[in-house]
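See structure below.
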Amino acid sequence: MSAPAIEFDYSLLGKNAKLAEEKGLASADWYASPIPRKRLKELMQRRNGPAIRDTLLWFTLLALTGFLAYHFWGTWWCIPFFIAYGVLYGTASDSRWHECGHRTAFKTTWMNDVIYEIASFMVIRESTSWRWSHTRHHTDTIIVGRDPEIAVPRPPDLVGVALAFFIVKSGPKEFKRVARHCLGSLTPEEKLYVPESEWPRIFLVARIWALIYAGIIAWSIAIHSILPLMFIGLPSFYGAWLMVVFGLTQHAGLAENVLDHRLNSRTIYMNPVFRFLYWNMNYHVEHHMFPMVPNYNLPALHAELKDDMPRPYRGIIETYREIIPTLIRQRKEPTYFVRRELPPTAKTAANDPGYAHARPAEPL
Amino acid sequence: MSHLPNETWVKACEIGDIEPEDVIRFDHEGRTFAIYRTSDDKYYATDGLCTHEKVHLAKGFVMDHIIECPKHNGRFDFTTGKAQGAPACVNLATYAVRINGTQVMLRVS
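Going down the list, the sequences are from chains A and B.
Heads up, the final residue of the first sequence is numbered 501 in my numbering, and it's a clean run with no missing numbers.
Heads up, the final residue of the second sequence is numbered 113 in my numbering, and it's a clean run with no missing numbers.
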């Protein structure tokens with residue numbers, strides 16, 4: 138007798154949403170590596186200095202590359218400057234969106250909120266609905282039917298993954314969502330995770346965005362040139378490729394439906410330039426386990442926890458040597474996933490069924 | 005300090021049980037609380053669970069008069085219980101605290 142077909146339903150309103158609740162995977166207790174409270178408190182301390190420095194550098198680089206791209210407009214020399222501008226706009230904004238969304242980057246709340254709004258616009262993620270989506274991602278990380286931010290559902294759509302490098306699918310989808318919000322409407326899934334008290338803010342921000350985009354498009358039409366859109370709007374697309382290179386490393390190909398971030402997230406070592414662009418989100422297991430620790434303290438947190446963690450990846454290339462074959466294999470064998478190996482020194486009771494990593498990581 | 009006859013005070017902890025600018029958990033008769041100590045040695049108490057996702061605040065982070073939830077970074081002013089913005093949208097209940105010698109006393113009703 139053949140095994141029953143597995144339903145890969147990632148909808149938050151589908152069968153797996155209910156199953157996740159029944160199996161105790163929704164809003165569950167997650168494994169946290171042991172760390173003395175005193176040390177964790179030190180690592181949770183917020184400072185404005187690092188984020189102000191990085192933000193000034195970010196805006197300066199945007200202005201510099203933007204000026205040079207403008208200066209060389211009409212010649213081939215503008216291309217490298219638009220590539221750099223695009224990465225600073227469409228890639229670096231992702232990590233600023235993320236850290237300021239958690240309000241951990243700056244000590245001062247309003248600074249987090251201002252950069253969050255700017256970065257949300259740059260990365261085309263409507264600020265309020267995505268704040269709530271990301272909240273759910275932290276509650277139910279890679280739990281099928283619960284997490285709205287599973288980047289590569291199984292079986293993987295490899296063409297879709299390829300198109301994601303220039304947000305060809307997700308960009309227009311977001312614009313459609315903004316248009317819907319402008320009209321005062323939310324998707325049924327958004328209504329699940331965004332409280333009603335927050336809806337007016339979503340509609341307001343969407344209308345402000347629509348005005349900005351209308352202004353930029355009108356300007357481009359008026360001067361018969363795409364140039365204004367090359368600086369605002371299009372960089373979210375042509376500059377997104379490195380964001381996707383970084384972002385796919387977080388969870389792609391790893392276990393679903395486990396309650397242990399060591400098994401469904403990756404920590405990768407990166408060079409200082411990438412870490413500036415990515416704001417240390419490469420320490421992703423540590424971030425998920427202790428989201429109160431600001432990005433500039435994640436390397437120190439990693440040093441504290443590494444004996445309890447799987448081996449970190451030595452870089453982007455090593456990571457993609459794992460991800461690419463895994464996604465190809467998952468096309469034909471969607472139940473396959475990468476099993477992260479915990480070190481023998483891991484301070485967990487592996488045989489205790491109460492621990493998530495002992496759970497079978499199977500589709501629901 | 006005078007007390008109303010129907011008030012119930014219980015010992016939550018010793019004053020030294022909480023580090024300055026920190027929080028601990030206190031459970032009593034099926035209820036759970038978070039007890040705070042500020043950097044200038046004032047004590048406060050709120051419901052233990054975040055109003056957003058029911059995560060215990062005792063594992064959270066205290067900054068001045070703010071407690072940050074360990075799971076989603078929702079923030080509350082623990083002196084008033086006021087939620088400080090998404091994802092914390094519903095205020096926390098607060099409870100009176102007094103110091104009796106070396107004991108932190110909590111008014112549970």
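Even glycine gets a Cβ: it sits at the ideal position worked out from N, Cα and C.
Source: prediction; values computed, not measured.
Any C-beta of chain A under 8 Å from that of residue i
i, result
"His76(B)", "yes"
"Ala100(B)", "no"
"Asp26(B)", "yes"
"Ala90(B)", "yes"
"Cys54(B)", "no"
"Cys17(B)", "no"
"Glu33(B)", "no"
"Asp21(B)", "no"
"Glu11(B)", "no"
Among the options, nearest to residue i - alpha-carbon criterion
i, options, result
"Lys175(A)", "Thr36(B), Ile28(B) and Ala87(B)", "Ile28(B)"
"Ile454(A)", "Ile363(A), Tyr406(A) and Leu371(A)", "Tyr406(A)"
"His69(B)", "His60(B), Arg102(B), Pro24(B) and Val14(B)", "Pro24(B)"
"Val315(A)", "Val251(A), Val342(A) and Pro292(A)", "Val342(A)"
"Ala217(A)", "Gln387(A), Gly376(A) and Gln182(A)", "Note that residue 217(A) corresponds to Pro in the displayed sequence, not to Ala. Considering only alpha carbons, the answer is Gly376(A)."
"Asn434(A)", "Pro309(A), Pro285(A), Glu179(A) and Ile460(A)", "Glu179(A)"
"Trp210(A)", "Arg468(A), Phe411(A), Leu364(A) and His274(A)", "Leu364(A)"
"Lys469(A)", "Pro480(A), Arg291(A) and Ser307(A)", "Arg291(A)"
"Ile189(A)", "Thr241(A), Gly227(A) and Val224(A)", "Thr241(A)"
"Thr246(A)", "Ser113(B), Cys17(B) and Phe80(B)", "Phe80(B)"
"His388(A)", "Phe368(A), Tyr457(A) and Pro428(A)", "Tyr457(A)"
"Leu150(A)", "Met181(A), Arg317(A), Met380(A) and Glu326(A)", "Glu326(A)"
Euclidean distance between Cα positions of residue i and residue j
i, j, result
"Phe340(A)", "Ser334(A)", "12 Å"
"Leu199(A)", "Asn408(A)", "20 Å"
"Leu366(A)", "Phe374(A)", "11 Å"
"Ser164(A)", "Ile465(A)", "31 Å"
"Lys155(A)", "Gly282(A)", "8 Å"
"Tyr147(A)", "Ala100(B)", "46 Å"
"Ser331(A)", "Ser266(A)", "Ser is not the amino acid found at residue 331(A); the sequence shown has Val there. Spanning the two alpha carbons is a distance of roughly 6 Å."
"Val305(A)", "Leu201(A)", "27 Å"
"Glu72(B)", "Ala206(A)", "43 Å"
"Arg102(B)", "Thr404(A)", "46 Å"
"Pro171(A)", "Val395(A)", "19 Å"
"Ala486(A)", "Arg477(A)", "Legend: pLDDT at Ala486(A) = 48, less than 50; position of this residue unreliable, value from coordinates given subsequently. Taking the straight line from one Cα to the other gives about 16 Å."
"Ala493(A)", "Asp397(A)", "For Ala493(A), the predicted structure reports a pLDDT of 43, less than 50, and the residue's modelled location is therefore unreliable. A value from the coordinates is still provided. Rounded to the nearest angstrom, the two C-alpha atoms are 6 Å apart."
"Thr482(A)", "Glu441(A)", "13 Å"
"Thr55(B)", "Ala90(B)", "11 Å"
"Tyr420(A)", "Val14(B)", "43 Å"
"Val382(A)", "Thr463(A)", "16 Å"
"Gly321(A)", "Ile261(A)", "18 Å"
"Thr106(B)", "Lys46(B)", "13 Å"
"Ala498(A)", "Glu393(A)", "Residue confidence for Ala498(A) is low, a pLDDT of 49 falling below 50, so the modelled location carries little weight; the figure read from the coordinates is stated next. Straight-line Cα distance between these residues: approximately 6 Å."
"Leu329(A)", "Glu263(A)", "16 Å"
"Trp416(A)", "Gly34(B)", "42 Å"
8 Å Cβ cutoff, residue i in contact with chain B
i, result
"His275(A)", "yes"
"Ser164(A)", "yes"
"Met429(A)", "yes"
"Trp269(A)", "yes"
"Arg458(A)", "no"
"Arg240(A)", "yes"
"Thr463(A)", "no"
"Asn488(A)", "Low confidence applies here, because Asn488(A) scores a pLDDT of 40, under 50, leaving its location unreliable and the question unanswered by this model."
According to DSSP, residues forming a beta bridge with residue i
i, result
"Thr404(A)", "Tyr420(A)"
"Asn104(B)", "Gln107(B)"
"Ile39(B)", "Ile28(B) and Ala49(B)"
"Trp13(B)", "Arg111(B)"
"Ile71(B)", "Val66(B) and Phe80(B)"
"Val342(A)", "Looking at the DSSP assignment, Val342(A) forms no beta bridge with any residue, so it has no partner."
"Lys86(B)", "Asp81(B)"
"Phe450(A)", "Reading off the sequence shown, one finds Tyr at residue 450(A), where the question assumed Phe. Answer is Ile405(A), bridged to Tyr450(A)."
"Ala92(B)", "Gly89(B)"
"Leu391(A)", "Val475(A)"
"Glu18(B)", "Gln107(B)"
"His60(B)", "Leu53(B)"
"Tyr99(B)", "Ala49(B)"
heavy atom of the ligand COA below 7 Å from residue i C-beta
i, result
"Val27(B)", "As presented, the structure is devoid of all ligands, the ligand COA included, so that no description of it is given."
Listed by chain order, chain C residues near residue i by CB distance under 7 Å
i, result
"Thr272(A)", "No chain C appears in this structure, whose protein chains are A and B."
When Cβ atoms are compared, which residues of the region 169 to 201 of chain A fall closer than 9 Å to chain B?
-> Ala169, Arg174, Lys175, Leu177, Lys178, Met181, Gln182 and Arg183
Open item on the list: Which residues of the region 303 to 336 of chain A have a Cβ closer than 8 Å to any Cβ of chain B? Give them in chain order.
Closed with: Per Cβ criterion, the list reads Pro332, Ser334 and Glu335.
inquiry  = Please list, in chain order, the residues of the region 59 to 72 of chain B that have any C-beta partner in chain A closer than 8 Å.
reply    = Among the residues of the region 59 to 72 of chain B, those with a Cβ less than 8 Å away from any Cβ of chain A are Gly64, Phe65, Met67 and Glu72, in the order of the chain.
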